[in-house]
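Protein chains in written order, with our numbering: chain R, 9 to 229; chain Y, 9 to 229; chain F, 18 to 250; chain Z, 18 to 250.
What follows is one structure encoded as structure tokens, with my remarks underneath.
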Amino acid sequence: MNKPRLDREVIAMRVANELADGDYVNLGIGMPTLVSQFVPEGRTVIYHSESGVLNYGPLEAEGKADVDLINAGGQFLLPVPGMAFFNAAEAFAMIRGGYIDVSVLGAFQVSERGDLANWMLRDRGTGNIGGAMDLAAGAKRMIVAMEHTDTQGGPKIVRQCSFPLTGRGCVSLIVTDVAVIEVTPSGLLLKEVAPGWTAEDVQEITEPTLRIDAGLREIAL
Amino acid sequence: MNKPRLDREVIAMRVANELADGDYVNLGIGMPTLVSQFVPEGRTVIYHSESGVLNYGPLEAEGKADVDLINAGGQFLLPVPGMAFFNAAEAFAMIRGGYIDVSVLGAFQVSERGDLANWMLRDRGTGNIGGAMDLAAGAKRMIVAMEHTDTQGGPKIVRQCSFPLTGRGCVSLIVTDVAVIEVTPSGLLLKEVAPGWTAEDVQEITEPTLRIDAGLREIAL
Amino acid sequence: MPVDKVVQSFAQAVEDVPNGAVIMMDGFGGAGGMPQQLILALRDQGARELTIISNTGGLVGFGVIAGQPSVTHGILIESGQVKRVIASFPVSRSPSQPNPFELAYNRGEVDVEVVPQGTLAERIRAGGAGIAAFYTLTGVGTDAAEAKETRTIDGRDYLMEYALTADYAFIRASKADHRGNLVYRGTSRNFNQLMAAAARLTIAEVDEIVEPGRLDPEAVITPGVYVNRLVKR
Amino acid sequence: MPVDKVVQSFAQAVEDVPNGAVIMMDGFGGAGGMPQQLILALRDQGARELTIISNTGGLVGFGVIAGQPSVTHGILIESGQVKRVIASFPVSRSPSQPNPFELAYNRGEVDVEVVPQGTLAERIRAGGAGIAAFYTLTGVGTDAAEAKETRTIDGRDYLMEYALTADYAFIRASKADHRGNLVYRGTSRNFNQLMAAAARLTIAEVDEIVEPGRLDPEAVITPGVYVNRLVKR
Numbered sequence: 009m010n011k012p013r014l015d016r017e018v019i020a021m022r023v024a025n026e027l028a029d030g031d032y033v034n035l036g037i038g039m040p041t042l043v044s045q046f047v048p049e050g051r052t053v054i055y056h057s058e059s060g061v062l063n064y065g066p067l068e069a070e071g072k073a074d075v076d077l078i079n080a081g082g083q084f085l086l087p088v089p090g091m092a093f094f095n096a097a098e099a100f101a102m103i104r105g106g107y108i109d110v111s112v113l114g115a116f117q118v119s120e121r122g123d124l125a126n127w128m129l130r131d132r133g134t135g136n137i138g139g140a141m142d143l144a145a146g147a148k149r150m151i152v153a154m155e156h157t158d159t160q161g162g163p164k165i166v167r168q169c170s171f172p173l174t175g176r177g178c179v180s181l182i183v184t185d186v187a188v189i190e191v192t193p194s195g196l197l198l199k200e201v202a203p204g205w206t207a208e209d210v211q212e213i214t215e216p217t218l219r220i221d222a223g224l225r226e227i228a229l
Numbered sequence: 009m010n011k012p013r014l015d016r017e018v019i020a021m022r023v024a025n026e027l028a029d030g031d032y033v034n035l036g037i038g039m040p041t042l043v044s045q046f047v048p049e050g051r052t053v054i055y056h057s058e059s060g061v062l063n064y065g066p067l068e069a070e071g072k073a074d075v076d077l078i079n080a081g082g083q084f085l086l087p088v089p090g091m092a093f094f095n096a097a098e099a100f101a102m103i104r105g106g107y108i109d110v111s112v113l114g115a116f117q118v119s120e121r122g123d124l125a126n127w128m129l130r131d132r133g134t135g136n137i138g139g140a141m142d143l144a145a146g147a148k149r150m151i152v153a154m155e156h157t158d159t160q161g162g163p164k165i166v167r168q169c170s171f172p173l174t175g176r177g178c179v180s181l182i183v184t185d186v187a188v189i190e191v192t193p194s195g196l197l198l199k200e201v202a203p204g205w206t207a208e209d210v211q212e213i214t215e216p217t218l219r220i221d222a223g224l225r226e227i228a229l
Numbered sequence: 018m019p020v021d022k023v024v025q026s027f028a029q030a031v032e033d034v035p036n037g038a039v040i041m042m043d044g045f046g047g048a049g050g051m052p053q054q055l056i057l058a059l060r061d062q063g064a065r066e067l068t069i070i071s072n073t074g075g076l077v078g079f080g081v082i083a084g085q086p087s088v089t090h091g092i093l094i095e096s097g098q099v100k101r102v103i104a105s106f107p108v109s110r111s112p113s114q115p116n117p118f119e120l121a122y123n124r125g126e127v128d129v130e131v132v133p134q135g136t137l138a139e140r141i142r143a144g145g146a147g148i149a150a151f152y153t154l155t156g157v158g159t160d161a162a163e164a165k166e167t168r169t170i171d172g173r174d175y176l177m178e179y180a181l182t183a184d185y186a187f188i189r190a191s192k193a194d195h196r197g198n199l200v201y202r203g204t205s206r207n208f209n210q211l212m213a214a215a216a217r218l219t220i221a222e223v224d225e226i227v228e229p230g231r232l233d234p235e236a237v238i239t240p241g242v243y244v245n246r247l248v249k250r
Numbered sequence: 018m019p020v021d022k023v024v025q026s027f028a029q030a031v032e033d034v035p036n037g038a039v040i041m042m043d044g045f046g047g048a049g050g051m052p053q054q055l056i057l058a059l060r061d062q063g064a065r066e067l068t069i070i071s072n073t074g075g076l077v078g079f080g081v082i083a084g085q086p087s088v089t090h091g092i093l094i095e096s097g098q099v100k101r102v103i104a105s106f107p108v109s110r111s112p113s114q115p116n117p118f119e120l121a122y123n124r125g126e127v128d129v130e131v132v133p134q135g136t137l138a139e140r141i142r143a144g145g146a147g148i149a150a151f152y153t154l155t156g157v158g159t160d161a162a163e164a165k166e167t168r169t170i171d172g173r174d175y176l177m178e179y180a181l182t183a184d185y186a187f188i189r190a191s192k193a194d195h196r197g198n199l200v201y202r203g204t205s206r207n208f209n210q211l212m213a214a215a216a217r218l219t220i221a222e223v224d225e226i227v228e229p230g231r232l233d234p235e236a237v238i239t240p241g242v243y244v245n246r247l248v249k250r
């Protein structure tokens, strides 16, 4: 498919639309981090990081880096009123305890049952689990934000993950550069497509069969 | 035995002698609480309470009671420099984690193997466990401070506890109003007696057979 | 969850507590950590068949502590609203002066599970942390081990204990900001911090509510994520 | 334990670390929580066959973070002092820029156990709290469950995970009082607070040491009972 795809910012914008006023949200390393820039006006989202902070501000961008104020990706943050700091056990107690309303993560693969693989490439021999397995197990809702296909053009939405799993049946929604797909008990439901894309276009680069939502529409921001 | 017995303050004084400079110490409700008044000059003992405080000061005695500064017995404390507050899970993590050097508790019964019974009188139907079982399991060293006999004159140091146990083999030293007895792998070792008391006098009101320490002496303060 | 968690009255804060609810409340040993206004409001609200998880069984009903009038969950036992207590220190220290819990227990009106205090704290902590069960040193070889799994790990025996969770936690804190971040005073932190995380719905009774930014983020003990409703005394 | 825990030099603080020691150290993801001077002193001290328990495998050896020179335990891997790492994030984010750990791992010089981050934190917390093992949600149905006991509790599956303890914890805090009470700054609290409790001997590297009473007792994060030695940077 050589039709134009959405860029990372637009994917992040679409994910941001899923966040409700008052949600406690954990954003993973990479594209998910961008989401905080696009939360619609009038909604207050409270960010959680495994580094041990709740309600942090935007990424630091003016050279005022404080090594004692970072997110899980090691990026520097700005302080905001109402923050709280805590240790790693507490950071993950919040996750496993069901206090994170939405987790946004990147992925290598997502299966049609919502299995997530995002931590290890087998040929590397080892990898970084980080907090992803905890989020997969504990977050109330998990949104995957990723490119629809891998660097070779192969599908990342697959019948069964071939990479080591991060969690089983944990993904609720997949937002890619060409589609928005909901994981339902009866399989994957295509809900939105990128401008110029048809359901058939998306199916072509997706391994499992997609059901098409009756209200299928263009991705709305 | 109608010979004169030591009063509570003297028992507390004898126990206080066991505390070393820099020890972290937990004092139980009742007689053990008195111990802090008698720590020898030049030794700094740091007190821990299950109420969630480390390094508290003496009992409040001048009507300046602060309901937010209590020990495990609900007695009001005075603040001192160097205190730290923490929650109940942390208070007991310290105990089970082996950070309490000495625990001083009262007892209904102590067995010859160092079993402790101090929480429940069977005819009451229920009782207060409090922190005693945790201290029995976790403290590095447990000293029991008690009267040698019960209100009917019966022995409280017994072959086998008849009251529900607080912990097995947890007691190291028994300080009573007539004797100081060490719990050793080969049974109870009588080390000190109250003024005017003989080893035979003590044995008469003690159920298990006492071994007599070669250096048996009068209780020294 | 609303971003601003302030509720206007104690009555409103507890109005949805149903019959049969499981409620955690601190009151370690005195007046300090006790959510006294929430308890009074619950007595007036009238929910019955409650299970109370607390360190004590309610030391006294009404009383005076340090010169201040004081209320514990003993008043909920006196009013017949409680069917079960999970506690470490359920009865009074002196058998000759029974507390409301012991009187109700002796009449067969209320059931009790007595738990070692550290195990109670750890079970509540586990309940808030997605830990279903754990192995602890405490209680091995005692009645507390009855009907429990014992397991030898690295040559030492441990008891398996299950997490405790609740429908509600009634929390007593010192200050809050509007987002529900809480600070406590002294030893009144105790079980409050743990319970705030272990209940599906946490209501905090506080002396003062300030704007976000007015609490030192290094000294916030209960992050706002755990708190659903805030009421000022 | 001595009442005053201050030690005069980093070299003195680490001089008794033997070959084969198990050492915990934070360094969540950056320079903030890293006990950099203790790491340098241990490199000079030369103990070998070490096991390092840390969130990362040492992101870089020497580097510059936020304009400041920065050291991680990567330098102990480069110097061949480490035989085993227990970590959640052992390799660099980019396979094309391997960190010292990954290079040593690929040469077969160092062994690794990769642990989900929350499980790593909880195992360390358990190690300090007299909890031998626990059942967690995390990792069920993944490679992390391999060779582990799975147990169904209340209809949900959990993995059994064992506590982690260590011979030493190298802690990085902001301020201490002479008795070892510690406060941290911001996100540098992280694993430091947990590790302080989980090791037999805890050494804290701090920016400032004050008299007891100069720290707010409500804001002390690591009570002094967990700290054996203090060294000022």
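Built from N, CA and C at the ideal position, the CB exists for glycine as well.
Fair warning: this is a prediction, and the values are worked out from it, not measured in the lab.
For this session: Identify the contact partners of Val20/F in chain R, using a Cβ-Cβ distance below 8 Å as the criterion.
Result: Here the neighbours are Asp29, Gly30, Thr52, Ile54.
Problem set entry | Where Pro86/Z falls: helix, strand or coil (DSSP) | Three-state DSSP puts Pro86/Z in a strand.
Exercise. Closest to Leu196/Y by CA distance: which of Ala202/Y, Val188/Y, Pro203/Y is it?
Worked result: Considering only alpha carbons, the answer is Val188/Y.
Exercise. Along the chain, which unbroken stretches of the alpha helix (DSSP H) at least 4 residues long are found entirely within the stretch 176-247 of chain Z?
Worked result: Within the stretch 176-247 of chain Z, the complete alpha helix (DSSP H) runs of at least 4 residues are 209-215.
Exercise. Taking C-alpha atoms, which residue in Gly172/Z, Ile238/Z, Val227/Z lies nearest to Val200/Z?
Worked result: The residue among Gly172/Z, Ile238/Z, Val227/Z with its C-alpha nearest the C-alpha of Val200/Z is Ile238/Z.
Exercise. Where Val179/R and Tyr179/F are concerned, what is the direct C-alpha to C-alpha distance, given to the nearest angstrom?
Worked result: So the two alpha carbons sit approximately 28 Å from each other.
Exercise. Any idea what DSSP makes of Thr159/F, helix, strand or coil?
Worked result: Reduced to three states, the DSSP call for Thr159/F is coil.
Exercise. In its own chain, which residues sit with a C-beta less than 8 Å from the C-beta of Ile170/F, not counting the 5 before and 5 after it?
Worked result: Only Tyr152 meet the Cβ criterion.
For this session: Output yes if chain Y places a C-beta closer than 8 Å to the C-beta of Leu211/F; else output no.
Result: In terms of beta-carbon proximity, Leu211/F lines the interface with chain Y, with at least one pair separated by less than 8 Å.
For this session: Verify the CB distance criterion: does Pro40/Y have a CB-CB separation below 8 Å to chain Z?
Result: It does not: the Cβ of Pro40/Y has no partner Cβ on chain Z nearer than 8 Å.
Problem set entry | Cβ pair Val31/Z, Gln62/Z closer than 8 Å | Closer than 8 Å, so yes.
Exercise. By how many angstroms is the C-alpha of Gly135/Y removed from the C-alpha of Phe100/R?
Worked result: For Phe100/R and Gly135/Y, the distance between alpha carbons rounds to 36 Å.
Problem set entry | Straight-line gap, Thr219/Z to Glu68/R (C-alpha atoms, nearest Å) | Computed Cα separation, rounded: 33 Å.
Problem set entry | Residues sharing a beta bridge with Ile34/R, DSSP | Inspection of the sequence shows that residue 34/R is occupied by Asn rather than by Ile. In the DSSP output, where bridge partners are listed per residue, Asn34/R has His56/R, Ser111/R.
Problem set entry | Residues that Arg13/Y bridges to, as DSSP identifies them | Under DSSP, no beta-bridge partner is assigned to Arg13/Y.
Exercise. Under the three-state reduction of DSSP, which class applies to Glu200/R: helix, strand or coil?
Worked result: Collapsing the DSSP output to three states places Glu200/R in a strand.
For this session: Starting from Tyr152/F, follow the alpha helix (DSSP H) in both directions and report where the run begins and ends.
Result: Secondary structure note for Tyr152/F: it is in no alpha helix (DSSP H), and the uninterrupted beta strand (DSSP E) holding it is 148-153.
Exercise. Measuring CB to CB, does Gly90/Y end up less than 8 Å from Arg196/Z?
Worked result: A contact, by the Cβ cut-off of 8 Å.
Exercise. Based on Cα-Cα distance, which residue from Gly44/F, Phe27/F, Gly91/F lies nearest to Asn72/F?
Worked result: When each option's Cα is compared against that of Asn72/F, the closest is Gly44/F.
Exercise. Can you find at least 3 beta carbon pairs, one from the stretch 169-178 of chain R and one from the stretch 121-137 of chain R, that sit closer than 8 Å?
Worked result: Under the 8 Å Cβ criterion, the stretch 169-178 of chain R counts as touching the stretch 121-137 of chain R, having at least three qualifying pairs.
For this session: Could you confirm whether any beta carbon from chain Z is found closer than 8 Å to the beta carbon of Asp15/R?
Result: No - not a single Cβ of chain Z is within 8 Å of the one on Asp15/R.
Exercise. So, Lys22/Z versus Leu247/Z, is the Cβ gap smaller than 8 Å?
Worked result: At the C-beta level, Lys22/Z and Leu247/Z come within 8 Å of one another.
Exercise. In its own chain, which residues sit with a C-beta less than 7 Å from the C-beta of Asp29/Y, not counting the 5 before and 5 after it?
Worked result: Cβ neighbours of Asp29/Y beyond the five flanking positions: Arg51, Thr52.
For this session: Could you tell me whether the stretch 153-167 of chain Y touches the stretch 137-146 of chain F, where touching means 3 or more Cβ pairs closer than 8 Å?
Result: No, the stretch 153-167 of chain Y does not touch the stretch 137-146 of chain F.
For this session: List the endpoints of the continuous beta strand (DSSP E) containing Gly223/R.
Result: It spans 219-226 - the beta strand (DSSP E) in which Gly223/R sits, taken as one unbroken run.
Problem set entry | Rounded distance between the beta-carbons of Val75/R and Ala190/Z, thought under 8 Å | Between Ala190/Z and Val75/R, the beta carbon gap of about 14 Å keeps them out of contact (Cβ cut-off 8 Å).
Problem set entry | Contact list for Ala214/F against chain R, beta-carbon separation under 7 Å | Residues of chain R passing the Cβ test: Ala101, Gly105.
Problem set entry | Nearest-angstrom Cα separation, counted from Gln114/F out to Ile69/F | About 22 Å.
Problem set entry | Buried or exposed (CB count within 10 angstroms, at least 16 for buried), Asn10/R | Exposed: under 16 other Cβ atoms inside 10 Å.
Problem set entry | Any beta strand (DSSP E) of 3 or more consecutive residues that is wholly inside the stretch 36-60 of chain F | Fully enclosed beta strand (DSSP E) runs of 3 or longer: 39-42.
For this session: Kindly list, in the order they appear in chain R, the residues whose Cβ is closer than 9 Å to that of Asp194/F.
Result: Those are Pro89, Gly90, listed as they occur along chain R.
For this session: Can you check the stretch 135-187 of chain Y for any beta strand (DSSP E) of at least 3 residues that lies completely inside it and give the ranges in chain order?
Result: Correct list: 149-153, 181-183.
Problem set entry | Spatial distance of Ala64/Z from Leu57/Z (CA atoms) | Put simply, the backbone Cα of Ala64/Z is about 12 Å away from that of Leu57/Z.
For this session: Taking only beta carbons into account, state which residues of the stretch 141-166 of chain Z come closer than 7 Å to chain Y, listed in chain order.
Result: Within the stretch 141-166 of chain Z, Gly145, Ala146, Gly147 place their CB atoms closer than 7 Å to a CB of chain Y, listed in sequence order.
Exercise. What is the DSSP secondary structure of Asp209/Y, counted as helix, strand or coil?
Worked result: Correct three-state label for Asp209/Y: helix.
Problem set entry | Segment limits, alpha helix (DSSP H) that includes Glu119/F | Its alpha helix (DSSP H) spans residues 117-123.
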